[in-house]
Amino acid sequence: MKDREMPVIVGVGQVSEKEFDLDSSSPVALMEKAVANSLEDAGLSSDIISELDTLAVVKSFREATKNSPEALARRIGANNAKQWLMPNGGNGPQYLVNRFSESIAKRQCDFVVLAGAEAMATARKIVKTTGNQPAWDEPSSTDPEFLVKNHDMSTEHEQKHGLWLAPGFYAMAENAYRHHLGVSIDEHQESMGRLFSSFTEVAEKSLHAWYPIKRTAEEIAYSSAENRLVAWPYTKYMNAMNQINQGAAIILMSETRALRLGIDRHKFIYLHGAADTIEKPLSTRSNFHSSEAMRVMAEQVFFGGDLSMRDISFIDFYSCFPSAVEFARDAFGVAPDDPRPLTVTGGLPFHGGAGNNYVMNSIASMIDRLREKPESFGLVTANGGYFSKHSAGIYSTARREPSWSRTPPEKYQTVIDSIPDVSFTENPSGEAVVETYTVLFDRENRPSQGLVVGRTGKSFDDRSSPRFFSIVEGDSFLLESMTKQDMVGEKGRVYLKEGLNRFKF
59 MKDREMPVIV GVGQVSEKEF DLDSSSPVAL MEKAVANSLE DAGLSSDIIS ELDTLAVVKS
119 FREATKNSPE ALARRIGANN AKQWLMPNGG NGPQYLVNRF SESIAKRQCD FVVLAGAEAM
179 ATARKIVKTT GNQPAWDEPS STDPEFLVKN HDMSTEHEQK HGLWLAPGFY AMAENAYRHH
239 LGVSIDEHQE SMGRLFSSFT EVAEKSLHAW YPIKRTAEEI AYSSAENRLV AWPYTKYMNA
299 MNQINQGAAI ILMSETRALR LGIDRHKFIY LHGAADTIEK PLSTRSNFHS SEAMRVMAEQ
359 VFFGGDLSMR DISFIDFYSC FPSAVEFARD AFGVAPDDPR PLTVTGGLPF HGGAGNNYVM
419 NSIASMIDRL REKPESFGLV TANGGYFSKH SAGIYSTARR EPSWSRTPPE KYQTVIDSIP
479 DVSFTENPSG EAVVETYTVL FDRENRPSQG LVVGRTGKSF DDRSSPRFFS IVEGDSFLLE
539 SMTKQDMVGE KGRVYLKEGL NRFKF
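For reference, each letter of the sequence shown is one residue, going 59 to 563 in the working numbering.
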């Protein structure tokens, strides 16, 4: 172990371009600004970038140029760096920190920049004003190289039954969670409002938050002219907001290099725990009210160290929707009345979620807090897809002793993979029961479609009863009534019609 290096974060940078016009920054240009800010934070000149050996870029939702890592390398003068693109998934930034910390520890690289950005607010303005897509492409003769394989978050069968947008899935997870808790619809609606109201208190004080507005629990929990329902029980204020112009960057290097460069030791941030897990597919995972992969991640991020959740002063749980925070809270054993705020960033609905890169803003915000309170510890979690991919990291200015290592993720991934699959069918027929559900709403706040995850047979918690995905057969009156009473466990029939599974109560 003596030949291992100590990875350390020495600089972080954020950028939020709230004032913008048709000529404002592209995602790559925002990344360039974030890298410049991270160099300034580390007290380094831009010339040092010529020594960079690794550059990893988090993929934008819609890549604006053929090869964004190459475009960024050219802009910042890192042409000799090995370039990587991280595929879709909100877990990406934390995964990159974990992955390249290990690479530095093994002396496989020594000087790494991580970056990502979205400019969807500007892009939307360009399209609305001109009718054209943004002209942000930068020349490249090669395609980017992905660091890991890019997996689809859902299957074609799942997508045609409504699981093609995140709000629908997470709303179904929320309803399953509420039913599992055994609380009423009104009680849970108010609980979600209180949870996210606390996030707005953090966003209100953030220089980078897109919506720095403190909102009451009631404002968030219930629909209004400004806060329509999107996928019941979620209102607009409970949804991640990606129409923003935001970016962030992190400088990660060996402690040896950092000391040689004379970087202020007070800037050093050490990674004290790291974990990455992958959940089972939607069709075969154990249930919709929790995440086994998140639970294993919560155990592993503390594995092998002397820390526990009691030692964590600052928390930033991934927060695309309330269920993401609630699942994380349960996985880490954090009580609902724990006095510690569950975000240092403000949350994806209020800080704004820079697509796959939001957690890089979370890490940067966490590092700012930890430098203000030396020797304290902070936990950051990240979630990609439909609770599909998870990453976590524990950070501190305190040096990790005696050396840096982590358990290879493939070793504990077997715990998740060994969980028996739930039976599943794409062709259900006959008697059925609701496992979970949601109602989608249009922009006029009217119910437009009901989605049901069900089980054939009489019980939704019988693992031998095949799970299925379906849409609800019924009128707007039925859909509206599904938001007034708990439909989990309700019985009906499922049948095939026009290529889709239909559920009829």
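Glycine is no exception: its CB is placed at the ideal position from the N, C-alpha and C atoms.
Because the structure is a prediction, the values reported are computed rather than measured.
Could you round the C-beta distance between residue i and residue j to whole angstroms and report it? I think they count as a contact, below 8 Å.
i, j, result
"Leu-172", "Ile-308", "4 Å"
"Ala-279", "Met-299", "Not really, about 17 Å apart at Cβ, beyond 8 Å."
"Thr-342", "Phe-482", "6 Å"
"Ile-373", "Pro-339", "No, Ile-373 and Pro-339 are not in contact; Cβ-Cβ is about 29 Å, not under 8 Å."
"His-347", "Tyr-235", "5 Å"
"Glu-90", "Ile-134", "6 Å"
"Asp-105", "Arg-315", "Not quite, the Cβ-Cβ distance comes to about 15 Å (not below 8 Å), so this is no contact."
"Leu-110", "Ala-136", "4 Å"
"Phe-257", "Gly-413", "About 19 Å separates the two Cβ atoms, so there is no contact after all."
Mark residue i as exposed unless 16 or more other C-beta atoms lie within 10 angstroms of its C-beta, in which case mark it buried.
i, result
"Thr-439", "buried"
"Gly-410", "buried"
"Pro-524", "buried"
"Met-59", "Low confidence applies here, because Met-59 scores a pLDDT of 46, under 50, leaving its location unreliable; read the following figure in that light. Classification for Met-59: exposed."
"Leu-324", "With the sequence shown as reference, residue 324 is identified as His, and Leu is not the correct amino acid for it. Classification of His-324: exposed, given that the 10 Å Cβ count is below 16."
"Leu-437", "buried"
"Thr-472", "exposed"
"Arg-504", "exposed"
"Trp-222", "exposed"
"Phe-535", "exposed"
"Pro-467", "buried"
"Glu-502", "exposed"
Find out if the Cβ-Cβ distance for the pair residue i, residue j is shorter than 8 Å.
i, j, result
"Asn-170", "Ala-114", "For the sequence presented, residue 170 should be read as Val rather than Asn. Taking 8 Å as the Cβ cut-off, Val-170 and Ala-114 qualify as a contacting pair."
"Tyr-444", "Ser-199", "no"
"Phe-360", "Gly-331", "yes"
"Gly-442", "Gly-174", "no"
"His-266", "Asn-419", "yes"
"Leu-143", "Phe-204", "yes"
"Arg-458", "Tyr-328", "yes"
"Pro-566", "Thr-403", "A query on residue 566 cannot be resolved here, the shown segment of the chain reaching from 59 to 563 and no further."
"Val-86", "Leu-154", "no"
"Pro-145", "Lys-124", "no"
"Leu-319", "Leu-102", "yes"
"Thr-514", "Pro-486", "yes"
"Ile-474", "Ala-351", "yes"
"Phe-254", "Pro-407", "yes"
"Pro-394", "Glu-232", "no"
"His-215", "Glu-556", "no"
Ordered along the chain, which non-local residues of its own chain (more than five positions away) have a Cβ less than 8 Å from that of residue i?
i, result
"Met-355", "Ala-333, Asp-334, Thr-335, Ala-389, Thr-439, His-448, Ser-449, Ala-450"
"Arg-551", "Gly-488, Glu-489, Ala-490, Phe-561, Lys-562"
"Ala-122", "Ser-84, Pro-85, Val-86, Ala-177, Ala-181, Pro-192, Trp-194, Asp-195"
"Ser-264", "Pro-270, Thr-403, Gly-404, His-409, Ser-423"
"Asn-285", "Glu-277, Ile-278, Thr-293, Lys-294, Tyr-295"
Using C-beta distances below 7 Å, list every residue in its chain close to residue i, excluding the 5 sequence neighbours before and after it, in chain order.
i, result
"Val-510", "Val-492, Tyr-495, Ser-528, Val-530, Phe-561"
"Gln-358", "Ala-333, Thr-465, Tyr-470"
"Val-288", "Pro-225, Lys-294, Asn-297, Phe-499"
"Glu-75", "Ser-82, Ser-83, Leu-88, Asn-303"
"Ser-371", "Lys-431, Ser-434, Phe-435, Gly-436"
"Pro-127", "Leu-113, Val-115, Gln-141, Trp-142, Leu-143, Pro-202"
"Arg-252", "Ala-275"
Whose C-beta lies closer than 6 Å to the C-beta of residue i among residues of the same chain, with five residues either side of it excluded?
i, result
"Gln-191", "none"
"Glu-63", "Ile-162, Ala-163, Arg-165, Ser-312"
"Cys-378", "Ala-298, Leu-406"
Whose C-alpha, out of the options, is nearest the C-alpha of residue i?
i, options, result
"Asp-244", "Pro-467, Asn-208, Pro-291", "Pro-291"
"Trp-462", "Asn-156, Pro-394, Ser-506", "Asn-156"
"Ser-82", "His-219, Gln-247, Leu-97, Thr-180", "Thr-180"
"His-237", "Asn-559, Gly-557, Pro-467, Glu-548", "Glu-548"
"Ala-100", "Val-70, Pro-394, Glu-556, Asp-111", "Val-70"
"Glu-259", "Glu-248, Gln-247, His-246, Ala-275", "Ala-275"
"Ser-517", "Gly-508, Val-546, Arg-368", "Val-546"
"Ala-92", "Met-540, Ile-452, Gly-305", "Gly-305"
"His-246", "Pro-478, Leu-554, Thr-541, Glu-556", "Thr-541"
"Lys-183", "Ser-349, Asn-95, Ile-302", "Ile-302"
"Val-68", "Gly-532, Ile-271, Ser-159", "Ser-159"
"Gly-508", "Asn-95, Thr-314, Glu-538", "Glu-538"
"Met-367", "Ala-351, Asp-396, Glu-384, Ser-344", "Asp-396"
"Ile-452", "Asp-520, Asp-369, Gly-413, Ser-534", "Asp-369"
"Leu-80", "Gln-72, Pro-127, Gly-189", "Gly-189"
"Thr-112", "Ala-139, Arg-120, Pro-127", "Ala-139"
"Gly-532", "Arg-521, Ser-506, Leu-554, Ser-522", "Ser-506"
"Gln-152", "Ser-446, Ile-421, Asp-520", "Ile-421"
"Ser-281", "Glu-248, Trp-268, Leu-310, Val-417", "Glu-248"
"Gly-240", "Leu-554, Arg-132, Tyr-553, Gln-543", "Gln-543"
"Val-497", "Ser-349, Thr-401, Glu-384, Met-230", "Met-230"
"Gly-148", "Arg-132, Glu-216, Asn-208, His-219", "Asn-208"
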